[in-house]
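S.K.:
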Amino acid sequence: MIDQDQANILMVDDQPGKLMSYEVILHPLGENLIKARSAREALDHLLHHDIAVVLMDVSMPEIDGFELADMMRQHPRFQKIAIIFISAVHLTDLDRIKGYQSGAVDYISVPVVPELLRAKVSVFSELHRKSRQLERLNLELEKRVEERTEQLRKSEEQLRERADLLELASEAIIVRDLAGFIQYWNSGAEALYGWPREQVLGKSIHLLLRTKFPPGYSRLSEAGTWEGNLTHLTREGREITVASRQALKAGGNATLEINRDITAQLKAEDALRKTERLAAMGRVAGIIAHEINNPLEAITNTFYLLRDHPSLDDEARYYAQLGEEELRRVAHITRQTLGFYRESKHPVEVSISALLDEILELQTRRMDFDNIALEKRYRSSGTIHGFPVELKQVFLNLIGNAVQAMPNGGSLRLHVFESSGRANRPSGVCVSLCDTGTGIDAEHAKHLFEPFFTTKSAKGTGLGLWISKGIIQKYGGSIRFRSLQLAGRNITCFQIFLPASDFETAADARASAPEELSVPSIAGVSDGI
Amino acid sequence: MASDRITILCVDDEDVPMMLRKLVLEKQGYQVLTAPSGKEALALLHRGGIDLVLSDQMMPGMTGTELTKFVKAGWPEMPVILISGVNEIPTDATYADRFVSKVDGPQHLFQTVAEVLEKYKRAQRKNI
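Those protein sequence lines, which keep their order, are chains A and B.
Per our numbering: the first sequence = residues 122 to 650.
Per our numbering: the second sequence = residues -3 to 124.
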């Protein structure tokens, strides 16, 4: 630093005495003083040092001051070096000095006034120091600019990479200001919500997506981050649940939000829970039914024996009859939970149309009484392989429900038709059953096929449709329903599909037939219904 | 010939339900023997004179279907009816001739017994 701060001052004079006197005069400036006895020596110093000021005598032998100045002016490295001529005042000298015009050139006349020489040298060396400093600063600045440019280029590259990553993410990534106005919206958000970026930027996220906050949602400004589930509405109007992670951006003037659609996941979990619950309820129902059936048989037998007992008078016999009737109701309920009980071992050909007619015959009186019109359209006998008892139970439940839903009259429409196979469904028989009864509430619709669900309060067991669905599923079939309002009337339609192919357990039964034992075939025994 | 009456062997581990089943069947005109387990039922079968076995399904030791296998192995022409309160028909219930539910009541039981006996009688006639 000292070297840099000290300016080199080259003093050129052929007379050593003069050089010494300059040295004495200039010493107080604290600069580095270099002496040269001739122009040639001076050139040598110029080549090796960074000279700030050259102080030279005009009249020197060999190369005089003016010649040295000319040489310096021709060399680019020396062009800007300040020159102070020392000269006796000759007119000719003054003219020549003026001829240099541009550049830092000055002169001092002899006799030299020390203060003046000091002042002039000081000005030039200061000028030199400043320009050197400027140069250094410039260089440094250029270097810094270069470095900064490189840094910027790198960070820009990183940013672009990150932006690409943000676009790759399947999650919705959103930046919004504290008032909720959207600043950034990635392609994941476009896909999830259906809104293109250009349509949402600057809009309020909560108005756009109709955010429903869960209870206990704390404002971000307090905690800094938040994690939880939110309900949003997509552009199509579909309600979705998203797992949301939110954080205040550094500086606290915006919120970052990452949302993942978990609607399907929640639905699947819910369905699983429901299935498990239903299965558990089914098992419990079965166990209870079994526990009831044993004593039930004993009591039924007791009443059977009691009914005709000779010791009973008319009143006691009447009571026994009442008891027997009530027992039949208990038996009906447990038989419903026994649902899958079959009397025959092998599936047989069953005509669904014939089965429906049998059931309708039992209902004729009730339907006439309630003023229910019947419309039958059988396009097919609807023959499938199955077990008549359980199939009858399915349609008895459905027709019974329909009739009970029309206490003030209405119409019941029954269609039976063949359904040819499709890609994901085999061919089979379709039965559609429509009534104009009380209809099914949307709220009830969800629970329609659950065990112990009933709208008939004390009159129903809540097992009919659950059992029916179970039976239909065993056949690999399906049951669906719709309830709608048409011209001021409720229309409720159930559609049942049963595949025509052999019932799967038929094969199971054959497979498990014993080999070492001869079991008498009882195929001839009729199915008791 | 001691009697023309049909003899039914009733098997059940529960006393009271078995006694009542016996009374109901006797009222219908059948002669009824009882056994509290499959093992004792087989002992009685060895003594002879039984026309039909009516067994409970769920019994400790030997279940109704296990008993049925032994019966059919030793007496292929012996009709066996299983009676149960269970929810599902056991997969090996096919050994028995019929499987009836306890909740179906006496009338249904009589009908089933009559049908099974009739079938065996027809088969016997054919064999003769």
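Cβ coordinates follow ideal geometry from the N, Cα and C atoms, glycine included.
1) Based on Cα-Cα distance, which residue from A:T557, A:G315, A:P197 lies nearest to N529 of chain A?
2) Name the one or two DSSP bridge partners that R543 of chain A has.
3) Closer than 6 Å by C-beta to L113 of chain B: which residues in its own chain qualify, once you throw out the five before and the five after it? Chain order, please.
4) Taking CB distances under 7 Å as the criterion, tell me whether N350 of chain A reaches chain B.
5) Using a threshold of 7 Å, state whether the C-beta atoms of M74 of chain B and V67 of chain B are closer than that.
6) Under 7 Å, Cβ to Cβ, is there at least one residue of chain B near E397 of chain A?
7) Since K98 of chain B meets chain A, which of its residues come closer than 8 Å, beta carbon to beta carbon?
8) According to DSSP, is I46 of chain B helix, strand or coil?
9) Taking its Cβ as the centre, do 16 or more other Cβ atoms sit within 10 Å of G315 of chain A, making it buried, or is it exposed?
10) Quick one, which of A:Q279, A:G597, A:A368 has its alpha-carbon nearest W347 of chain A's?
11) Do three or more CB pairs link the region 277 to 288 of chain A to the region 244 to 263 of chain A at distances below 8 Å?
12) Quick one: which residues of the region 20 to 51 of chain B get their C-beta closer than 7 Å to a C-beta of chain A? List them in chain order.
13) Under 7 Å between C-beta atoms, does R456 of chain A make it to chain B?
14) Along chain B, which residues have their Cβ under 8 Å away from the Cβ of A452 of chain A?
15) Out of curiosity, what's the CA-to-CA distance linking L377 of chain A and Y305 of chain A?
16) Once you ignore the five residues that flank P317 of chain A on each side, which residues in its own chain have a CB closer than 7 Å to its CB?
17) Taking I294 of chain A as part of the beta strand (DSSP E), name the residues at either end of that continuous run.
18) What residues of chain B sit near N700 of chain A, judged by a beta carbon separation below 7 Å?
19) For N350 of chain A, does the three-state DSSP call read helix, strand or coil?
20) What residue range does the alpha helix (DSSP H) around I473 of chain A cover?
21) For N522 of chain A, name the three-state secondary structure that DSSP assigns.
22) Anything in chain B within Cβ reach of H430 of chain A, meaning under 8 Å, just list it in chain order.
23) Helix, strand or coil for G531 of chain A? Go by DSSP, reduced to three states.
24) Say whether chain B places a C-beta atom closer than 7 Å to the C-beta of H411 of chain A.
25) Once you ignore the five residues that flank I480 of chain A on each side, which residues in its own chain have a CB closer than 6 Å to its CB?
26) Label F508 of chain A either buried or exposed according to how many other C-beta atoms from any shown protein chain fall within 10 Å of its C-beta, with 16 as the threshold for buried.
27) Between Y596 of chain A and chain B, is the shortest Cβ-Cβ distance under 7 Å, so that the two count as touching?
28) Specify, as a first and last residue, the run of the beta strand (DSSP E) that D191 of chain A falls within.
29) Give the residues of chain B in contact with L426 of chain A, contact being defined as C-beta atoms less than 8 Å apart.
30) What three-state label does DSSP hand A290 of chain A in the structure shown?
31) Can you tell me the Cα-Cα spacing of T90 of chain B and V552 of chain A, whole angstroms?
32) Less than 7 Å between CB atoms is the rule here; does P56 of chain B satisfy it with respect to chain A?
M.R.: Result, derived from the coordinates:
1) Residue numbering aside, residue 529 of chain A sits at position 408 when the first sequence is read from its first letter. That would be A:T557, whose Cα lies nearest to the Cα of N529 of chain A.
2) For the purposes of this step, residue 543 of chain A is taken as residue 422 along the first sequence, with counting starting at 1. BP columns for R543 of chain A point to A:R546.
3) On the second sequence, position 117 is the one that residue 113 of chain B refers to. Cβ within range, chain order: n/a, list empty.
4) Your numbering for residue 350 of chain A matches position 229 in the first sequence. No, no contact with chain B.
5) Walking along the second sequence from the start, residue 74 of chain B turns up at place 78. Walking along the second sequence from the start, residue 67 of chain B turns up at place 71. Contact flag set, yes.
6) As a first step, residue 397 of chain A is located in the first sequence; it is residue number 276 there, counting from the start. No, E397 of chain A lies away from the interface with chain B (no Cβ there is under 7 Å from its Cβ).
7) Here residue 98 of chain B corresponds to residue number 102 of the second sequence, with the count starting at 1. Those are N414, N415, L417, E418, listed as they occur along chain A.
8) Counting from 1 along the second sequence, the entry for residue 46 of chain B is found at position 50. Here I46 of chain B sits in coil by DSSP.
9) Numbered from 1 along the first sequence, position 194 holds the residue referred to as residue 315 of chain A. Classification for G315 of chain A: exposed.
10) In the first sequence, counting from the first residue as 1, residue 347 of chain A sits at position 226. Among A:Q279, A:G597, A:A368, the Cα nearest to that of W347 of chain A is on A:A368.
11) no
12) V20, K23
13) Looking up residue 456 of chain A in the first sequence gives position 335. It does: the Cβ of R456 of chain A has a partner Cβ on chain B nearer than 7 Å.
14) On the first sequence, residue 452 of chain A is found 331 positions in, with the first residue counted as 1. Result: V99, D100, G101.
15) Within the first sequence, the letter at position 256 stands for residue 377 of chain A. Within the first sequence, the letter at position 184 stands for residue 305 of chain A. For L377 of chain A and Y305 of chain A, the distance between alpha carbons rounds to 9 Å.
16) Residue mapping note: residue 317 of chain A aligns to position 196 of the first sequence, counting from 1. Answer for P317 of chain A: E311, listed in chain order.
17) In the first sequence, counting from the first residue as 1, residue 294 of chain A sits at position 173. Here the beta strand (DSSP E) through I294 of chain A covers 293 to 298.
18) Limits of chain A in this structure are 122 at one end and 650 at the other, which puts residue 700 of chain A out of reach.
19) Taking the first residue of the first sequence as 1, we reach residue 350 of chain A at position 229. It is a strand residue.
20) As a position in the first sequence, residue 473 of chain A is number 352, starting the count at 1. Start and end: 473 to 490.
21) Along the first sequence, one-based indexing puts residue 522 of chain A at 401. N522 of chain A falls in the helix class under three-state DSSP.
22) On the first sequence, position 309 is the one that residue 430 of chain A refers to. Under the 8 Å cutoff, chain B gives no residues; its nearest Cβ is about 10 Å from H430 of chain A.
23) If you number the first sequence from 1, residue 531 of chain A lands on position 410. Residue state, collapsed to three classes: strand.
24) For the purposes of this step, residue 411 of chain A is taken as the residue at position 290 of the first sequence. True, the Cβ-Cβ gap to chain B drops below 7 Å.
25) Counting from 1 along the first sequence, the entry for residue 480 of chain A is found at position 359. Closer than 6 Å at Cβ, skipping near neighbours: F516, L517, I520.
26) Mapped onto the first sequence, residue 508 of chain A falls at position 387. Its Cβ being crowded by 16 or more others within 10 Å, F508 of chain A is buried.
27) Looking up residue 596 of chain A in the first sequence gives position 475. Not an interface residue.
28) Your numbering for residue 191 of chain A matches position 70 in the first sequence. Per DSSP, D191 of chain A belongs to no beta strand (DSSP E); it is in the alpha helix (DSSP H), 186 to 195.
29) The residue you call residue 426 of chain A lines up with position 305 of the first sequence. Result: L16, L19, V20, K23.
30) Within the first sequence, numbered from 1, the residue matching residue 290 of chain A stands at position 169. DSSP places A290 of chain A in coil when its eight states are reduced to three.
31) Position 94 of the second sequence, counted from the start, is the residue given in the question as residue 90 of chain B. Position 431 of the first sequence, counted from the start, is the residue given in the question as residue 552 of chain A. So the alpha carbons of these two residues sit roughly 32 Å apart.
32) Residue 56 of chain B sits at position 60 when you count from the first residue of the second sequence. With 7 Å as the cut-off, P56 of chain B does not count as an interface residue toward chain A.
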